[in-house]
Amino acid sequence: MFDWLEFGRGPLFRFAFALMLLGLLRLVVLAFLRTRNNNHSGAEAPPARRGPTVRPGALWTAARALLLTVFHTGLIALPLFVAAHVFAWRRAVGFAWFALPKEVSDWLAVATVAAGAALFLMSSIDLARGVVEGRRPIWVLTLLVPVASGYLAANFAFQPESYRFLMLLHVYSGNFILAVIPFTRVADCVLEPLARYVVRSPWRPLAEILALSITYRPRPAPVSPTTSAEEV
Amino acid sequence: MHRARVVKLILWLFTGLALAVAAGRFLYGLGATTNLSDATPWGLWIGFDVLSGVALAAGGFIVTAIVYIFRLNEFRAVVRPAVLTAFLGYLAVVAGLVFDLGLPWNMWHLIIYWNPRSPLFEVGWCVMLYLTVLALEFFPVPAEEFSALARIRRALLKIRLPLVITGIGLSTLHQSSLGSLFLLMPYHLHPLWYSPLLPVNFFISAVGLGLMMVMFESHTTAWLYHRKPETALLARFGAGARWVLLGYLTIRLADLAWRGRLPLLWTPEWQTAMFWFEIALMVIVPVLLLSIPAVRFSRTGQWITAGLAVWGVVVNRINVGGFMQTGRGYYLPSWTELAISCGVVSMAVLVFMFMVERFRIWEKRPADPATAADELPEADRARLRWLGPPRAAAEAYSLVFILAAAVGFALLAPQPAESRGISPTPVRHARGGEELRIDGNLDGFGVTFRHSSHQEVAGGKDSCVSCHHMNLPRDRNTACSECHRDMYLPSDAFRHDWHASARGANLSCVDCHRKGALRSRETARHCNDCHKDLIPEGSPIEVKGYRAVGYVQAMHQLCIGCHANLGEEMTRCGACHQGLEDFIDLPEVSARRLERSGKRVVLPPY
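Those sequence lines, one after another, are chains A and B. Read in order, the letters of the first sequence correspond to residues 1 to 232 in this note's numbering. Read in order, the letters of the second sequence correspond to residues 1001 to 1606 in this note's numbering.
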């Protein structure tokens, strides 16, 4: 098990992280090519903001907004600022940054899991009412696996075997999420905040490309003409 | 899927892998990404990317000379692909150099800080200038597609002939100066490859290879894009290349005979096998095949022959560039070196394919630029309908690229991002008295030094100061290793810590430094104030400071200074350093030898 853990922390993590970064970059570049080829103007770009727009009431909306904020804050802050992750970054790339105190990171992890679970329930209710279309709330649960397993491993694993099992789950689920980010809707977690940030800056064309990259999904190519080599 | 797309997918895969390795190379350095060492500092990147890249680009200057100087217009159809191949070949050379040298932001130093005695200086300038010439020669082709560039295109077409002549001159210089580089290492390159005629050999083989490369490129692109190759035209190239390659073989064998190295051709060594493999691939098989008219005029025959010759020259350049170094153990490139080389070539081929798909590279009917500068040549541009929509291609290529890059990052072992530098190697005192055995790092190879014979030559007992230029207090003949205490790193001959230590001289600060003044070397008393006998009178070696150079440097300067009259003999390590078998039974020496042989640092056997 220890070897599998080392593999997950080493080569597999490098693979997943590189795939995530390059994959997101690929989405942006493909979106750029699409805007250039189609002469895509900013007005035609689909809006960056998506998600449920119909709300039963103000309280529901406020609660959802609060949960979304907590959930996204945890998803972004925990991989970057948990002390163990900061040490891992330093070991991997030679430099690192500040780390959250353990109490803060523990509470953030709990809050993230709770917010994620609540969002899953709310989305399910929405789905049952037919208010929100096309959502896949199962992703919310998948995103919670590394958070929950990391928290449990750090606080409630008192035996080496249980610790290693939880760490294995933590590392492999984290790697899995990193690797699939560019190929799924989870990419929105990265691209959408970036697009919203850029749209307020003078880099308006870049914001449009980012907004387009959020919705960009490779589609199957149309059937090519069956011209044979001899004909050409 | 069309074959051009399959090839592009493979090329993007190699490029992605190279991206990851390139990041590792620039973050962690050569030590983390290559099998190179201080003993073998040049390897695959120099042999393949640089030496072979330059040779493969020779087709550019040969074809332009044939068409624009000798006015053989029937060869005009292959000019543009040849110039493009040369241009991309030189860009690949620059990329290979950047990977090998590092510090690309210092590249401009070559322009400002001149060192005209260095062969690398000439190589660097030739690469820069010829790349510029090739860019100017090729620029009119993409400029045809943009009306805004029409004036620049016309201007460049007017100066095409001077550009071609300049290119031929620079390329000739460059091909031969790459061979000149290896004249500097007569005892490092295997005798089957080392020759005073290396510059000539490099140039002639490049001419032959240039012709074969044009043939290979033409048939490969014809296969990729379903176009009809210029087989009859290329057969004439084959006939010419046959004689060039035969001339090369004759010169090489005659040179070996003249230098008395012919018996090495039959020695049962792997180097001999590599020599015959290289010669067979590069000369014997292609010449035999090209002598058969049926092969010379057939499309498949030309393609195979050209491919063999091209690979033969590549093997030759890799052998010269790093494989055939003697007395240094074996060098085999790491997978990261192979990945970079494949990536650089893949990138060049991808750009080539982009160019032929986007611009008019293949001319059907030549346009005469002298009479009609504005007239565009009719191009047999590949019809690309069957290549599919570009968006789907971009998605597929980029997916393969990022997957390969991610695998590359996964395979790269994490390494510290700082240089390991030179580790300290304390010097061991020389043994003996009248006959000294100097073996500072106890690797079993040392120098025997006889005091009496040196005294006789240097002028009797008063000549001690010739070598003992500085002594410990109240000593007359202090050992060299007292001050030169590390094999390679400089040492502090003054030993400040010893003077300030209670167990040493036990001096207070103000015994040497002026009271109240900043404590520095400038405010300290001179050593001679206390130690009158530190530096003996009459010594020819001036002591400028107390920072003693490394033991190896000190010994070499001292010995070579007097024995320079031995000439070439002095360049052989084995002329002075010999095995000291009488010390070999010492376990310390045995362990040291074992350690050093593991690092592949051994002395040449002759």
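Think of the CB as a built atom: it goes at the ideal place given N, C-alpha and C, for glycine as much as any other residue. It should be emphasised that the depicted structure is a prediction, and the values quoted were computed from it without experimental measurement.
Starting from the beta carbon of residue i, find every residue of chain A whose beta carbon is closer than 8 angstroms, and list them in chain order.
i, result
"residue 1398 of chain B", "26, 29, 30"
"residue 1122 of chain B", "Chain A residues near residue 1122 of chain B: none, gap ~38 angstroms exceeds 8 angstroms."
"residue 1020 of chain B", "18"
Please list the partners that residue i has in chain A, where partner means a Cβ-to-Cβ separation under 7 angstroms.
i, result
"residue 1402 of chain B", "19, 22, 23, 26"
"residue 1082 of chain B", "Chain A residues near residue 1082 of chain B: none, gap ~24 angstroms exceeds 7 angstroms."
Taking C-beta pairs closer than 8 angstroms, name the residues in chain B that residue i reaches, listed in chain order.
i, result
"residue 11 of chain A", "1410, 1411"
So which of the options has the shortest CA-CA distance to residue i?
i, options, result
"residue 182 of chain A", "A:4, A:2, A:9, A:16", "A:16"
"residue 1030 of chain B", "B:1404, B:1097, B:1261", "B:1097"
"residue 1433 of chain B", "B:1458, B:1257, B:1479", "B:1479"
"residue 119 of chain A", "A:139, A:153, A:82, A:162", "A:139"
"residue 1455 of chain B", "B:1465, B:1448, B:1447, B:1446", "B:1465"
"residue 1323 of chain B", "B:1285, B:1190, B:1298", "B:1190"
"residue 82 of chain A", "A:12, A:179, A:146", "A:146"
"residue 1621 of chain B", "B:1392, B:1574, B:1525, B:1332", "Residue 1621 of chain B falls outside the range modelled here, since chain B spans only 1001 to 1606, and no answer is possible."
"residue 1342 of chain B", "B:1020, B:1004, B:1002, B:1005", "B:1020"
"residue 10 of chain A", "B:1467, B:1412, B:1268, B:1501", "B:1412"
"residue 1403 of chain B", "B:1503, B:1005, B:1448, B:1017", "B:1017"
"residue 1232 of chain B", "B:1268, B:1299, B:1198", "B:1299"
"residue 1142 of chain B", "B:1552, B:1121, B:1157, B:1095", "B:1157"
"residue 141 of chain A", "A:162, A:161, A:77, A:122", "A:122"
"residue 1541 of chain B", "B:1211, B:1071, B:1467, B:1125", "B:1467"
"residue 1424 of chain B", "B:1487, B:1053, B:1471", "B:1487"
"residue 1483 of chain B", "B:1471, B:1340, B:1475", "B:1471"
"residue 1022 of chain B", "B:1396, B:1335, B:1576", "B:1335"
"residue 113 of chain A", "A:68, A:100, A:188", "A:68"
"residue 1014 of chain B", "B:1564, B:1458, B:1441, B:1407", "B:1407"
"residue 1188 of chain B", "B:1002, B:1038, B:1533, B:1114", "B:1038"
"residue 1004 of chain B", "B:1161, B:1225, B:1059", "B:1225"
"residue 1485 of chain B", "B:1536, B:1555, B:1527", "B:1555"
"residue 1290 of chain B", "B:1321, B:1242, B:1246", "B:1242"
"residue 980 of chain B", "B:1053, B:1490, B:1394", "Examination of residue 980 of chain B is not possible in this model, given that chain B is present from 1001 through 1606 alone."
"residue 1437 of chain B", "B:1448, B:1443, B:1428", "B:1448"
So is residue i buried or exposed if we call it buried at 16+ other beta carbons inside 10 Å?
i, result
"residue 1608 of chain B", "The first residue shown for chain B is 1001 and the last is 1606, placing residue 1608 of chain B beyond what the model contains."
"residue 1270 of chain B", "exposed"
"residue 124 of chain A", "exposed"
"residue 1426 of chain B", "exposed"
"residue 1531 of chain B", "exposed"
"residue 1462 of chain B", "exposed"
"residue 53 of chain A", "Because residue 53 of chain A sits at a pLDDT of 47, beneath the cut-off of 50, its placement in the model cannot be relied upon, and the following sentence gives the value as read from the coordinates. The residue in question, residue 53 of chain A, is exposed, as its Cβ has fewer than 16 Cβ neighbours within 10 Å."
"residue 102 of chain A", "exposed"
"residue 1510 of chain B", "exposed"
"residue 46 of chain A", "Only weak support is given to the placement of residue 46 of chain A: the predicted model assigns it a pLDDT of 47, under 50, and the value that follows is read from those uncertain coordinates. So residue 46 of chain A counts as exposed."
"residue 105 of chain A", "buried"
"residue 2 of chain A", "exposed"
"residue 1168 of chain B", "buried"
"residue 1085 of chain B", "buried"
"residue 1033 of chain B", "buried"
"residue 1296 of chain B", "buried"
"residue 97 of chain A", "exposed"
"residue 48 of chain A", "Below a pLDDT of 50, predicted positions are generally treated as unreliable, and residue 48 of chain A, at 46, falls in that range; the measurement from the model is reported next regardless. By the 10 Å Cβ count, residue 48 of chain A comes out buried."
"residue 4 of chain A", "exposed"
"residue 1529 of chain B", "exposed"
"residue 1522 of chain B", "exposed"
Could you work out which residues of chain A lie near residue i, taking near to mean beta carbons separated by less than 9 angstroms?
i, result
"residue 1032 of chain B", "Within chain A, no residue comes near residue 1032 of chain B; the closest Cβ sits about 12 angstroms away, beyond 9 angstroms."
Closer than 7 angstroms by beta-carbon distance: list the chain B residues that pair up with residue i, in chain order.
i, result
"residue 15 of chain A", "1406, 1407, 1409, 1410"
Three-pair Cβ contact test at 8 angstroms for the region 1187-1194 of chain B versus the region 1148-1155 of chain B: no
The region 1072-1086 of chain B contacting the region 1103-1123 of chain B, beta-carbon criterion three pairs below 8 angstroms: no
Segment contact flag, the region 1238-1258 of chain B with the region 1173-1184 of chain B, C-beta cutoff 8 angstroms, min 3 pairs: no
Three or more C-beta pairs below 8 angstroms linking the region 1283-1294 of chain B and the region 1302-1319 of chain B: yes
The region 1215-1224 of chain B in contact with the region 1061-1072 of chain B per 3-pair CB rule at 8 angstroms: no
Three or more C-beta pairs below 8 angstroms linking the region 1313-1323 of chain B and the region 1239-1255 of chain B: no
At least 3 beta-carbon pairs within less than 8 angstroms: the region 1554-1570 of chain B vs the region 1490-1500 of chain B: no
Contact the region 1345-1355 of chain B vs the region 1234-1241 of chain B: 3+ CB pairs below 8 angstroms: no
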